[in-house]
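Notes follow once the structure below has been shown.
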Amino acid sequence: MHIDYITPNSWSIIEEGWNPDNVKSSESLMALGNGAMGQRANFEENYSGATFQGSYIGGVYYPDKTRVGWWKNGYPEYFAKVLNAPSWIGIKVTVNGESLDLHTCKEVKDFRRELDMKSGVLYRSFKATLQNDVEITVKSTRFLSMKMDEIGAINYEVTPINGDATISYEPYLDSGITNEDSNWDDKFWNTLEVSEDGDMAFITAHTMKTEFHVCTMMHNRFNIDGREVTLSRKRTNTTETYIGHVYETEISQGETFSIHKLGGYVSSLNHEQDNLVNAATTVFNEATTVGFDTLQQLQKESWAQTWEMSDITIDGDVKAQQGIRFNIFHLNQTYTGQDSRLNIGPKGFTGEKYGGSTYWDTEAYCIPFYMATKDQQVARQLLTYRYKQLDKAIENAEKLGFSGGAALYPMVTMNGEECHNEWEITFEEIHRNGSMVYAIYNYERYTGDTTYIPEMGLEVIIAVARFWRQRATFSKAKNAYVILGVTGPNEYENNVNNNWFTNYIAKWCMEFAFAKAELIRDTQKQDWSRISGKTHLSYDEMLSWKSTAEQMYFPYSEEHDVFLQQDGFLDKELITVADLPKSNRPINQKWSWDRILRSPYIKQADTLQGFYFFEDHFTQENLEKHFDFYEPFTLHESSLSPCVHAIQAAKLGRMNQAYEFYLRTSRLDLDDYNKEVEEGLHITSMAGTWQSVVEGFGGMRVKNDTLSFETKIPDAWEAYSFKVNFRGQILKVEVNKSETTFTLMSGEALDIIVNGNKETISA
Ligand code: BGC
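Residues in the sequence shown are numbered from -10 upward in steps of one, following the numbering used here.
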């Protein structure tokens, strides 16, 4: 554990006491988002200490020219990044002419921040003694509105406590910002216009190359001791990329001077490019009519609705409760499903790493959470995102030498084009392609929506099957199809032959494609003629998938009776993690890459990922053998690892181990297990945390169109509960030490399976 300063609390993330070393971590942990935009929890006032400034707008990205030491054919030209966007939260504060900066204050006392997850509001308060010996208390409240997703609101208050004081506020907008991870120090934004209109100000800027136009905006009002006051502006400070409105007033000792700052963005994603300032003004008109207090009330109501469906309660273990809500909160802040152009970046709106782009994480890890806690439309939206990018995935495969409509979905993407540029991942980590199909299968299995596959899914399924057919090579020596030169989910092995998981998902995809294509051909003539016409699919081609699948090779060890992660795995020096000195970890920071590659260590579930996806294909005994063989070599150095293992350990009845994995996934960022929380949060693995409870402890599965449960409870918990939306019916599951109660919250009656027996739950 790396950090332990977060106060355990069931609904809030709380930091108490001033420690500048925590600033960057808390900026990540307490980040805010509303699906459309997000920001790290940076301070409003100036801060000259170590900080990582970040504001992000969903869907607004920049194609940063690829930078690599040794260019390889097939590399993408650029990496599309969600950009650090112009900042609207800033308020410069001076007291008797002295600037408030926590880094230079003589003393900071009673520092406290709280991210109230129940209502989606961030609070901060402290007492500070400035260099000029003036003492003040400061309180701020901030949220990004879930109801009006272009608006955020701040209430910032200063109270002088050891004498009267002249306080000035300079609320500002700043488009002179940079990205920490810029490849070539390019300028990402070009500012077009800095303007003002009464108590509003605007900066219109566009991204270079991609030409997203964004108007960053602010509107300010003031109160003294709760009474609204009209202050005449002392000055406007402007540069080409900055506008600040300076207001100053005398405040008596003990009186509170507050500023209500509204801000946010309107962009060409949703408005006419040439009309952004007008659009911003309209948003402010609406927001000011509503008013700060009502906006905050709406925020609370909106979150109450979200929690109503997605909350998981845990009794008897406050850290576990805090952990799960922290995960659910951030998932809901990152993606709301309202805009089909958006997706879920591994860091969401909390940092720059991974570029805010889409990974296989969405299909492999995130979809179940959104499927079960939202309307099914939301998960369909995520699938549609990939459907719309099918042409680009086909182009991407063509670039690598595939043909005939084969598609390779990118490892990392914003608009469908591949952005990743490490050969061992870009070209080799191809199992991702299988998860596109797995997600479609999973969606249909869970929602029962059989319209998606004929409408869109089948085209994706066909294109992916074509890829696997071409990517597999027939080995005369083995008399079987092999898949050479790949990287499995375990990125600590590169360029291996016959990664079991990759071969397995390839085989499954081709079989699934054959079965679905045949079904649509036989049952939905119109759809079939449209799809087969568009894809030029022949029965012979379908048969070639089937026979390739049938002849797929899988490395296996008779001695251990397990499938091998890849050819040659047993040649390694098989020293388990338990015997690896702790000082060597994380190996991705401590070891050279060649040493990692020669070692048996596993970054995240690889063979076991297959046992998770295709659980029904294997017996419990099979699972146990593979779990016992691979987990001891697994370092869980990817955030995506502990959740899969928690589910499997629970299935094997190893509750202590399952619980350890659960804590690790649910408090990964809160306790900073991977020592990188300063860079941002692990958003996509948070969906895995949800799965650890629902699929792990709740044992929820879908079997033949029916929800099935085998509930278990960790020793440390008194009780837990969750709700799922299954095909429009809401089922609440409450588990305590002695029993499990199922309550149908909506719909008439629902058949479920409990420990293998059918039960009907009535409303
Ligand atoms: C993991 C990948 C994952 C990526 C983004 C990597 O560390 O190994 O599986 O897609 O992070 O979360």
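By construction, the Cβ of each residue, glycine as well, lies at the ideal position given by its N, Cα and C atoms.
For L532, which beta-bridge partners are listed by DSSP? For the purposes of this step, residue 532 is identified with residue 543 of the sequence shown, where counting begins at 1. Answer by DSSP bridge pairing: none, since L532 is not bridged.
Is it a yes or a no for the segment 496 to 513 touching the segment 429 to 446, going by three-plus beta-carbon pairs under 8 Å? yes
Spatial neighbours of I636 within its chain, please: C-beta separation below 7 Å, excluding the five flanking residues on both sides. Working through the sequence shown from its first residue, we reach residue 636 at position 647. Same-chain partners within the cutoff: Y601, Q680, S681, E684, G685.
Kindly indicate which residue of K54, E146, A708 has the alpha-carbon position closest to the one of T199. Locating residue 199 in the sequence shown gives position 210, counting from the first residue. Among K54, E146, A708, the Cα nearest to that of T199 is on K54.
Give me the Cα-Cα distance between T439 and A638, rounded to the nearest whole angstrom. Residue 439 sits at position 450 when you count from the first residue of the sequence shown. Residue 638 sits at position 649 when you count from the first residue of the sequence shown. Rounded to whole angstroms, T439 to A638 spans 32 Å at the Cα level.
Should S14 and D661 be called a contact, given that it needs their Cβ atoms to be closer than 9 Å? Working through the sequence shown from its first residue, we reach residue 14 at position 25. Working through the sequence shown from its first residue, we reach residue 661 at position 672. Yes, these two residues count as a Cβ contact at 9 Å.
Rank N321, S464, N746, N479 by C-alpha distance to the C-alpha of F558 and give the top, closest one. As a first step, residue 558 is located in the sequence shown; it is residue number 569 there, counting from the start. Nearest of N321, S464, N746, N479 to F558, Cα basis: N479.
Should T302 be listed as close to ligand 1, given that the test is whether its C-beta is under 8 Å from any heavy atom? For the purposes of this step, residue 302 is identified with residue 313 of the sequence shown, where counting begins at 1. Answer for T302: no, Cβ out of range of ligand 1.
Would the C-beta of K747 count as close to ligand 1, meaning under 8 Å from any of its heavy atoms? Translated into positions along the sequence shown, residue 747 becomes position 758. Answer for K747: no, Cβ out of range of ligand 1.
Going by the CB atoms, is the gap between A74 and Y254 shorter than 9 Å? Residue mapping note: residue 254 aligns to position 265 of the sequence shown, counting from 1. Residue mapping note: residue 74 aligns to position 85 of the sequence shown, counting from 1. Yes, Cβ-Cβ distance for Y254 and A74 is below 9 Å.
In chain order, which beta strand (DSSP E) runs of at least 3 residues are fully inside the segment 203 to 274? 216 to 218, 224 to 228, 231 to 240, 246 to 256
Quick check on A25: does DSSP put it in helix, strand or coil? As a first step, residue 25 must be located in the sequence shown, where it is residue number 36. Coil at A25, not helix or strand.
Which ranges does the alpha helix (DSSP H) cover as unbroken runs of at least 4 residues, wholly within the segment 389 to 441, from first to last along the chain? 412 to 415, 420 to 436
Within 10 Å of its beta-carbon, does V57 have 16 or more other beta-carbons around it, so buried, or fewer, so exposed? The count along the sequence shown starts at 1 and reaches residue 57 at position 68. It counts as exposed.
Less than 6 Å between C-beta atoms, sequence neighbours within five positions excluded: which residues of the same chain meet that for Y648? The count along the sequence shown starts at 1 and reaches residue 648 at position 659. The residues are P703.
Using only the heavy atoms of ligand 1, determine whether one of them is closer than 8 Å to the beta carbon of Q593. In the sequence shown, the residue the question calls residue 593 occupies position 604. Yes - ligand 1 has a heavy atom lying nearer than 8 Å to the Cβ of Q593.
Contact under 9 Å by Cβ, T654 with T673: Locating residue 654 in the sequence shown gives position 665, where the first residue counts as 1. Locating residue 673 in the sequence shown gives position 684, where the first residue counts as 1. Against a cut-off of 9 Å, the Cβ pair of T673 and T654 comes out as no contact.
Exposed or buried, which one is T402 when buried takes at least 16 other CB atoms within 10 Å? If you number the sequence shown from 1, residue 402 lands on position 413. So T402 ends up on the buried side.
Give me the residue from L371, L652, G642, M675 with the minimum Cα distance to G688. Locating residue 688 in the sequence shown gives position 699, where the first residue counts as 1. Measuring from the Cα of G688, the nearest candidate turns out to be G642.
R56, DSSP secondary structure in three states: By one-based count along the sequence shown, residue 56 stands at place 67. R56: coil per DSSP, three-state reduction.
Does the structure place the segment 357 to 369 close enough to the segment 709 to 716 that three or more beta carbon pairs sit under 8 Å? yes
Same chain only: Cβ atoms within 6 Å of W517, ignoring 5 sequence neighbours per side: Position 528 of the sequence shown holds residue 517. Within the same chain, W517 has close Cβ partners I509, R510.
Examine ligand 1 and report whether any of its heavy atoms sits within less than 8 Å of the Cβ of Y348. Residue 348 sits at position 359 when you count from the first residue of the sequence shown. Indeed, a heavy atom of ligand 1 lies less than 8 Å from the Cβ.
Nearest neighbour of T623, chosen from Y590, C632, L612, D617 [CA to CA]: The residue labelled residue 623 in the question sits at position 634 within the sequence shown. Measuring from the Cα of T623, the nearest candidate turns out to be Y590.
Pairing CB atoms from the segment 445 to 464 with CB atoms from the segment 517 to 533, are three or more of them under 8 Å? yes
Proximity below 9 Å, CB of Y145 to CB of V235: Residue numbering aside, residue 145 sits at position 156 when the sequence shown is read from its first letter. Residue numbering aside, residue 235 sits at position 246 when the sequence shown is read from its first letter. In this structure, V235 does not lie closer than 9 Å to Y145 by Cβ.
Could you check what DSSP says for Q540 in three-state terms: helix, strand or coil? For this step, residue 540 is matched to residue 551 along the sequence shown. Note: Q540 maps to coil in three-state DSSP.
Do the segment 226 to 245 and the segment 98 to 117 meet, that is, are 3 or more Cβ pairs less than 8 Å apart? no
Y50 bridges to which residues according to DSSP? In the sequence shown, residue 50 corresponds to position 61, counting from 1. According to DSSP, which records beta bridges pairwise, Y50 is partnered with V71.
Can you find a heavy atom of ligand 1 that lies under 8 Å from the Cβ of E480? As a working mapping, residue 480 is identified with position 491 in the sequence shown. Within the cutoff, so yes.
Please classify W178 as buried or exposed, where buried requires at least 16 neighbouring CB atoms within 10 angstroms. Against the sequence shown, residue 178 aligns to sequence position 189. It is buried - the Cβ of W178 has at least 16 other Cβ atoms within 10 Å.
Let me make sure I understand the geometry here. Which of G252, V12, Q578 has the alpha-carbon closest to that of H208? Working through the sequence shown from its first residue, we reach residue 208 at position 219. Out of G252, V12, Q578, G252 has the C-alpha closest to the C-alpha of H208.
For S108, three-class secondary structure by DSSP: In the sequence shown, counting from the first residue as 1, residue 108 sits at position 119. It is coil, neither helix nor strand.
CB of Y343 to nearest heavy atom of ligand 1: below 8 Å? Within the sequence shown, residue 343 is the residue found at index 354, counting from 1. It does: the Cβ of Y343 is within 8 Å (strictly closer) of some heavy atom of ligand 1.
Could you please give the first and the last residue of the uninterrupted alpha helix (DSSP H) stretch that includes Q766? Because the chain here runs from -10 to 752, residue 766 falls outside it and cannot be looked at.
Heavy atom of ligand 1 within 8 Å of T126 beta-carbon: Here residue 126 refers to the residue found at position 137 when the sequence shown is read from its first residue. Checking the Cβ of T126 against ligand 1 gives no.
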